[in-house]
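Numbering (our numbering), first residue to last: 7 to 1072.
Take a look at the structure:
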């Protein structure tokens, strides 16, 4: 029996829990109020020197207040009186001349200051004159307060695990109340600072103890709701604070008002229970029994506790030594606890650091301080709702990782948005703040579920210290903008990304019991419940393929998967080939309209203007990048264009021929002549994004599942692609194209694997060929789309639009049952298998199948173990497989794109050429479909690559003047190269085991994109020897064929499920 089982019997979310939440929300009223209090009590109103002591004559006495200010206080550049200086004596001549002479001697304020009390009746600044030279003391109060919060997290975290939650919570109440009221009555600034420090210590205890106490009394099902609800109080009360501060605008009264709810909290403390989990863990079973009985009575479940004796509770949570006292050192003594402490520390630091970095660096909305504070609190409410949805749907780990990465992306995007686009920058920053708030909401619940009961408060205290460290450092980082304006944003962005990466290594806690002891954390949890007999016998008689065959491995269910995948994959060839159209360079010449400065030039026709302004090239066309220094009118009489005439670079931009393209990147940002390299760079930047995206999505798909990562690819691929269409600068476009490539590569590798994992052995080759046909059809259709949509912005949006339908249809896309079983998610796997059987009309096949039986199909040593790219090289046969497949993919892609980049057109226009390139792949795919079953995967791959090498070798020997024969041979080579590409995707999916299939796919796709990037460089070798590129590509293709010959055959064989399956292969 586990504690969660006991909690379920007494109702883990009844009146008892609701009463507890109500009692704990009361003290939490004070948290946002005190944390944000400095915005109001330390505000510095407008002020200037006190000049009343200068009343020394009749002239002074007759002056108005405004006149006295003019003659005694210098004016600043904006016309307002100086805050910290005054003239050494009245300057009466300034009454007649308002020009403020800069050489008039000034002195610091001699008799204090006069403050504008229209907004604040009293603040710390007005109380103790914390302005001018003492202004930094006012700012120091918030730093000292947060140092107290940081120290309090450590102190109360330790005390709560040692003395219990309830007693320590009372100590936190009393500490905060006493020092909070004492700070309001402080008569000296130094005394106030000390009182605020200890107020922060006490408030930190309230923050971390209340959240833990609630979570420990709530059942698994309702933990998310309670965690979000307790974080929602921060948003609501931070929005209420400006209302309170508006009506209570004296700093002393404001502190008393925000602290007063603790008086009610102290009264309600008598009805707050201690944590039964903590009591049992520390051997206090009688007290635990008392509170559990009370919970059962309030929730109407008295009968269960009547039968449960206190001594039985001692067996609910087993610890080696019930009297042992735990401390922060226990976070480091054992390996898994040490790893957990390190990762959560990085995550908490990474959550708080950019959160406060955004708050401190976002400028206001141009409205008063009260409304600004209200808006800051209000925009957090949708973040809480979003967090509640995702934490339950996709889990804690993926939510935490995603929010941190999205926060980093928002900060990153703001680096490239110009400062003058203030509204756009503010919107993106506010979006980043929302994601950052979501990460803060998630991290409290997630950390509480990660740490064991015996160390939960120590863990939360330690994490809170790391968060407050980030809070303290954030303002200092902002000052680095003096060195480089984007340096703070860059640091905040990197920290958010690192924290997101660290969060991805934490364990998932969704629907999992809270760990009670350190031993629970150290032990690898196993969800397999197979007996040894079942493991011995079922492994021999039951594979996933057997089950798939029973429910029909190629029925309506599989056809649905293929159709849904086809929709998303349609956009891939369009984006991969998009640069051929959006970066096309139309005919162009210098803009000569600026030369229209004489009557003679004005009277010329357009053709004549060009003749006298732009030199003609050898082929008779106008020069693209040069113009005459001045009009050469004599050329109208003699058409011979003298080469010795002085020319200059285009002075006023270019004029483009828009007959083929209405608009391209070239015409948008003048990427011609000296800037032509930028135009070519866009495709390279895109494929670099594809390369890194392959590695990223390969790893994430094996860690979080195929289905969710496919949605991530769809959504972010669409967002970045559409955003690139609305780019306002070339740099912004290049960055967004990088992220477009980064995201859509996930569609390639995830959809291919997902299709293969759901299909029976005999139909895998058909699915592999259909997936590759999506590229061919998309390629052919793209030519028609580009012909009809000849504006680069609309074309980008058009080829991205199918992803909208893909996102809609994603809801019907199933998760891979293989991956679910391999990762211990048996209930979900059973659900999808039943759905498959129902659609394929094989319901009777799974009627007797139970979820626990599935655990015997795919046997792994550690079901909850996360796999990474390192697992591709840890064992000998996996290492050998990774080396060989990486080489094959590199050779396939290098040869394919080397041929594609080197084939000249057929003398047709660009659109028809693109269509022809796509159509010639169709017979190649048909040949692959025939050969995969006849001669096998290995022979097809080897034969395709060797034939590519033969075609390239033949072209080396064919003379250059026999262009028709060379073109035909090159096209045949491209067909064989396309066949090798179609084969390698299916072959690779069958070679790698389920647990690292996406990691393998990501790694090999990375190697392929490396080949794509090198192919253009290989073609440049023709400067050394004309045939050298062909020789290199021929050798690469032959090498790929020879390496592919060493791979195992996979035709008609079950997919490997684990690394052990690979290592046991003969």
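The beta-carbon is built from N, C-alpha and C at its ideal position, and this holds for glycine as well.
Just so you know, these numbers come straight off a predicted model, no measurement behind them.
- Short of 8 Å from the beta carbon of residue 1028, and not among the five residues preceding or following it, lie these beta carbons of its own chain, in chain order: 1034, 1035.
- Fewer than three pairs of CB atoms, one per stretch, sit closer than 8 Å, so the region 397 to 411 makes no contact with the region 194 to 205.
- Counted as a single uninterrupted DSSP element, the alpha helix (DSSP H) harbouring residue 295 occupies residues 291 to 304.
- For the pair residue 876 and residue 888, the CB atoms are not nearer than the 7 Å cut-off.
- Of the candidates 895, 236, 415, the residue whose Cα lies closest to the Cα of residue 446 is 236.
- Residue 91 sits in a strand when the DSSP states are folded into three classes.
- In this chain, the alpha helix (DSSP H) harbouring residue 612 covers 612 to 619.
- Straight-line measurement puts the Cα of residue 836 at about 56 Å from the Cα of residue 150.
- Residue 652 counts as exposed, since fewer than 16 other C-beta atoms from the protein chains shown sit within 10 angstroms of its C-beta.
- Partner residues in the beta bridge of residue 119, as assigned by DSSP, are 55.
- Selection 715, 456, 180, 42 evaluated against residue 251 yields 42 as nearest (Cα-Cα).
- In the structure shown, residue 628 falls within a strand segment according to DSSP collapsed to helix, strand and coil.
- For residue 596, the enclosing beta strand (DSSP E) has its first and last residue at 594 to 596.
- Considering only 856, 505, 497, the residue with the shortest C-alpha distance to residue 472 is 505.
- In the same chain as residue 442, and ignoring 5 residues on each side of it, the C-beta atoms closer than 7 Å to its own belong to 360, 361, 364, 413, in chain order.
- Annotated as distal: residue 475 and residue 590, with beta-carbon spacing of 7 Å or more.
- DSSP places residue 1052 in no beta strand (DSSP E); its state is neither H nor E.
- In the structure shown, residue 634 adopts extended strand secondary structure according to DSSP, grouped into three states.
- Going by DSSP, residue 114 is part of the beta strand (DSSP E) stretching over 112 to 114.
- DSSP assignment within the region 113 to 178 yields the following whole alpha helix (DSSP H) runs of 4 residues or more, N-terminal first: 130 to 134, 141 to 169.
- In this chain, the beta strand (DSSP E) harbouring residue 661 covers 660 to 662.
- About 55 Å separates the beta carbons of residue 277 and residue 566, which is beyond the 8 Å limit, so they are not a contact pair.
- Residue 719: member of the alpha helix (DSSP H) spanning 712 to 731, first to last residue.
- In this structure residue 1063 is buried. Its beta-carbon is surrounded by 16 or more other beta-carbon atoms within 10 angstroms.
- In this structure, residue 568 and residue 846 do not form a Cβ contact; the two beta carbons are roughly 14 Å apart against a cut-off of 8 Å.
- Taking 7 Å as the cut-off, the beta carbon of residue 672 is found no closer than this to the beta carbon of residue 731.
- In the three-state reduction of the DSSP assignment, residue 36 falls in the helix class, which pools H, G and I.
- In chain order, 423 place their CB closer than 7 Å to the CB of residue 430, counting only its own chain and leaving out the 5 sequence neighbours on each side.
- The beta carbon of residue 741 sits closer than 7 Å to those of 422, all from its chain and outside the five residues before and after it, given in chain order.
- Put simply, the backbone Cα of residue 482 is about 23 Å away from that of residue 411.
- Minimum Cα-Cα distance from residue 706 among the listed residues 940, 496, 1007, 524 corresponds to 1007.
- Per DSSP, the unbroken alpha helix (DSSP H) holding residue 265 starts and ends at 257 to 265.
- Judged by DSSP secondary structure, residue 815 falls outside any beta strand (DSSP E) and instead within the alpha helix (DSSP H) spanning 808 to 815.
- About 5 Å separates the beta carbon of residue 434 from that of residue 416, a gap short enough to meet the 8 Å contact definition.
- The Cβ neighbour count for residue 608, taken over all protein chains shown within 10 Å, is under 16; the residue is labelled exposed.
- Around the CB of residue 318, fewer than 16 other CB atoms lie within 10 Å, so the residue is classed as exposed.
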